[in-house]
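Asks: Below is a structure I'd like to ask you about.
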Amino acid sequence: MIVPIRCFTCGKPIGHLYREYCERTAEGENSKDVLDELGLSRYCCRRMFLTHVDLIDEILEFSV
Amino acid sequence: MKVRFLSDSETSCTAVIEGISAPFANALRRVIMTEIPVYAGKDIIIYENSGPLFDEVIAHRIGLVPLTTPKDSSEDSKSVIISVDVAGPSMVTSADFVSEDPDVVPTSDGFPIVKLGKGQRLKCNIEGVVGYGKDHTRWQPGLASYKNYPSIVIDTVQCNLCGSCIKACPRALIQKDGDVLTVVDAGSCMFCRACEEACAQSNEKSLISVTPLKDVFIFMVESYGAMPAKDLLSTALMVIENKARALDQNLSGA
Ligand code: SF4
Ligand code: SF4
Ligand SMILES: [Zn+2]
């Protein structure tokens, strides 16, 4: 849906890094290098970004 | 007791601590993760939310945003009101949090809360309260872990410098230095014992032995931003001290 604020497993705040991750990987940088540089060293935090599907734009037209 | 810092930054520090026991190291680890008083959003009053996410989801996301915490905050510290009022189309982030206390603010401006479309609005007040990680993960100020420091002993008299152990070590910790073997950066040994196995295979018995030292620990602390990593250590020790004092007072009164 929208990127989680913290890693589900270890609790590290990660949400504020997602935009930079997206921008840099879109420019063709290797995901591994970006994750390393963002300080996401544990694999629990890395999978948060690697497996995230951002759907917020699809549901934007619906209000609660 | 001896302490040597291998690295020390705002967000993480690593120290080699000599002369403590595993139970004590574990007590320190648990207190760092569960009993350090830090601020986090507790009650969220939503006045208007016409965006795509439900109130509960928004409240949950806001609660998990880490807040900076002034030194010597305690559960008696007053609560802080943070207000948010954003009209779409835009992304609501922690940069939109307006706090009444400049010392209690999000640790980063970039936490995305919700994306708003045209005509949608999010207006809410957040009550930041001091709490403990044992009650909810939003008050978890960081992560701590430890491992034993290794003792890697090589029988230099019988060693024939065959080099099997050097090739076997996945972290390349064993190096040949002239006609002796030396161990570099022993702290990153992971006790896989591949070196022992390789040596035992090339020779009759292993001439190299890796054992965890029972009273030397590599202690790693990672801070999530409420306070510097080193302060987490000192605050945790203070929490343990206060608990011991409270118990002592009750003992003498009993
Ligand atoms: S135990 Fe494993 S990591 Fe440690 S020195 Fe031996 S081979 Fe290397
Ligand atoms: S494998 Fe054994 S004999 Fe060979 S270099 Fe290593 S310690 Fe020496
Ligand atoms: Zn994680």
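Note that the protein sequences, when read in sequence, are chains A and B.
Numbers given in our numbering equal positions in the first sequence, counted from 1, plus 364.
Numbers given in our numbering equal positions in the second sequence, counted from 1, plus 112.
For each residue, glycine too, the CB sits at the ideal point set by N, CA and C.
These numbers were taken from a predicted model, which means no experiment stands behind them.
#1: Residue range of the beta strand (DSSP E) that B/THR249 falls in?
#2: Are the CB atoms of B/CYS125 and B/VAL333 within a distance shorter than 7 Å?
#3: Could you confirm whether any beta carbon from chain A is found closer than 7 Å to the beta carbon of B/ARG173?
#4: Counting only runs of 4+ residues fully inside the segment 136-184 of chain B, write out the alpha helix (DSSP H) ranges in chain order.
#5: Between A/CYS374 and B/LEU179, which are expected to be in contact by the criterion C-beta below 8 Å, what is the C-beta distance as a whole number of angstroms?
#6: Give me every residue whose Cβ sits closer than 6 Å to any heavy atom of ligand 3, in chain order.
#7: Under a three-way DSSP split, which group does B/THR205 fall into?
#8: Below 8 Å CB to CB, which residues in the same chain sit around B/LYS342 once its five sequence neighbours on both sides are set aside?
#9: Just the Cα atoms here: how many angstroms apart are A/GLU422 and B/SER335?
#10: Need the endpoints of the beta strand (DSSP E) that B/GLU187 sits in, please.
#11: Answer yes if the segment 266-286 of chain B comes into contact with the segment 303-316 of chain B, meaning at least three C-beta pairs across the two stretches below 8 Å, and no otherwise.
#12: Closest Cβ-Cβ distance between B/VAL198 and chain A: below 7 Å?
#13: Could you give the DSSP three-state label for B/ASP289: helix, strand or coil?
#14: Using CA coordinates, which residue listed in B/GLU353, B/MET302, B/LEU319, B/LYS227 is at the minimum distance from A/PHE426?
#15: Quick one: using the 10 Å Cβ neighbour count with 16 as the cut-off for buried, is B/THR166 buried or exposed?
#16: Cβ of B/LEU285 within 6 Å of any heavy atom in ligand 2?
#17: Less than 6 Å between the CB of B/SER276 and some heavy atom of ligand 2, yes or no?
#18: Looking at B/CYS304 and ligand 2, is the gap between the Cβ and the nearest heavy atom below 6 Å?
#19: Beta-carbon separation of A/LEU424 and B/GLY222 under 7 Å?
#20: What does the Cβ neighbour count give for A/TYR407, buried or exposed, with the cut at 16 atoms within 10 Å?
#21: Considering only the beta carbon of each residue, do B/SER225 and B/VAL204 sit closer than 7 Å?
#22: May I ask whether a heavy atom of ligand 1 can be found less than 6 Å away from the beta carbon of B/VAL265?
#23: Measuring straight from C-alpha to C-alpha, what distance separates B/MET339 and B/LEU140?
#24: At 4 residues or longer, what runs of the alpha helix (DSSP H) sit wholly inside the segment 288-348 of chain B?
#25: Once DSSP output is grouped into helix, strand and coil, what is the label at B/ASP197?
#26: From the beta carbon of B/SER364, is the nearest beta carbon of chain A less than 7 Å away?
#27: For a cutoff of 7 Å on Cβ pairs, would you count A/CYS409 as touching chain B?
#28: Mind checking which residues open and close the beta strand (DSSP E) that includes B/GLU130?
#29: If you pair each beta-carbon of the segment 244-252 of chain B with each one of the segment 143-158 of chain B, do three or more pairs fall below 8 Å?
#30: On a Cα-Cα basis, can you pick out the residue from B/ASP197, B/LYS279, B/VAL150 that is closest to B/GLY243?
#31: Relative to the C-alpha of B/ILE157, which residue among B/PRO164, B/THR123, B/ILE194, B/SER189 is closest?
#32: Measuring CA to CA, which of B/SER364, B/LEU319, B/GLY240 is closest to B/VAL217?
#33: With distances taken Cα to Cα, identify the nearest neighbour of B/GLU160 among B/LEU359, B/VAL198, B/ASP213, B/LEU349.
Replies: Straight from the coordinates:
#1: Under the DSSP assignment, B/THR249 falls outside any beta strand (DSSP E); it carries neither an H nor an E label.
#2: B/CYS125 is positioned such that its CB atom lies closer than 7 Å to that of B/VAL333.
#3: So yes, B/ARG173 belongs to the interface.
#4: Annotation: the segment 136-184 of chain B contains the following complete segments of the alpha helix (DSSP H) (minimum length 4 residues), in chain order: 167-176.
#5: Not confirmed; about 19 Å, so no contact.
#6: With the criterion CB distance below 6 Å from any heavy atom of ligand 3, the matching residues run A/CYS371, A/THR373, A/CYS374, A/LYS376, A/ARG406, A/CYS408, A/CYS409 along the chain.
#7: Collapsing the DSSP output to three states places B/THR205 in a strand.
#8: Excluding sequence neighbours, B/LYS342 sits near ASP120, CYS125, VAL333.
#9: Spanning the two alpha carbons is a distance of roughly 35 Å.
#10: Counting along the chain, B/GLU187 falls outside any beta strand (DSSP E), and DSSP gives it neither H nor E.
#11: Yes, the segment 303-316 of chain B is in contact with the segment 266-286 of chain B.
#12: By this cut-off, B/VAL198 is not an interface position.
#13: Here B/ASP289 sits in strand by DSSP.
#14: Closest by alpha carbon: B/LYS227.
#15: One point to set straight first is that residue 166 of chain B is Phe, not Thr, in the sequence displayed. With fewer than 16 other Cβ atoms within 10 Å, it is exposed.
#16: Incorrect: B/LEU285 has no Cβ contact closer than 6 Å to ligand 2.
#17: B/SER276 Cβ: within cutoff of ligand 2.
#18: Checking the Cβ of B/CYS304 against ligand 2 gives no.
#19: Between A/LEU424 and B/GLY222, the C-beta spacing is not below 7 Å.
#20: A/TYR407 comes out exposed.
#21: The question names Ser, but residue 225 of chain B in the sequence shown is Ile. Yes.
#22: Every heavy atom of ligand 1 is 6 Å or more from the Cβ of B/VAL265, so no.
#23: Distance between the alpha carbons of B/MET339 and B/LEU140: 17 Å.
#24: 306-314, all fully within the segment 288-348 of chain B.
#25: Three-state result, B/ASP197: strand.
#26: Judged by the 7 Å Cβ criterion, B/SER364 is not in contact with chain A.
#27: Not an interface residue.
#28: Under the DSSP assignment, B/GLU130 falls in the beta strand (DSSP E) whose first and last residues are 124-130.
#29: Because the criterion of three Cβ pairs below 8 Å is met, the segment 244-252 of chain B and the segment 143-158 of chain B touch.
#30: Minimum Cα distance to B/GLY243 is reached at B/VAL150.
#31: Distances from the CA of B/ILE157 to each of B/PRO164, B/THR123, B/ILE194, B/SER189 were compared; the closest alpha carbon is that of B/ILE194.
#32: Of the listed residues, the one whose Cα sits closest to B/VAL217 is B/GLY240.
#33: By alpha-carbon distance to B/GLU160, the top candidate from B/LEU359, B/VAL198, B/ASP213, B/LEU349 is B/VAL198.
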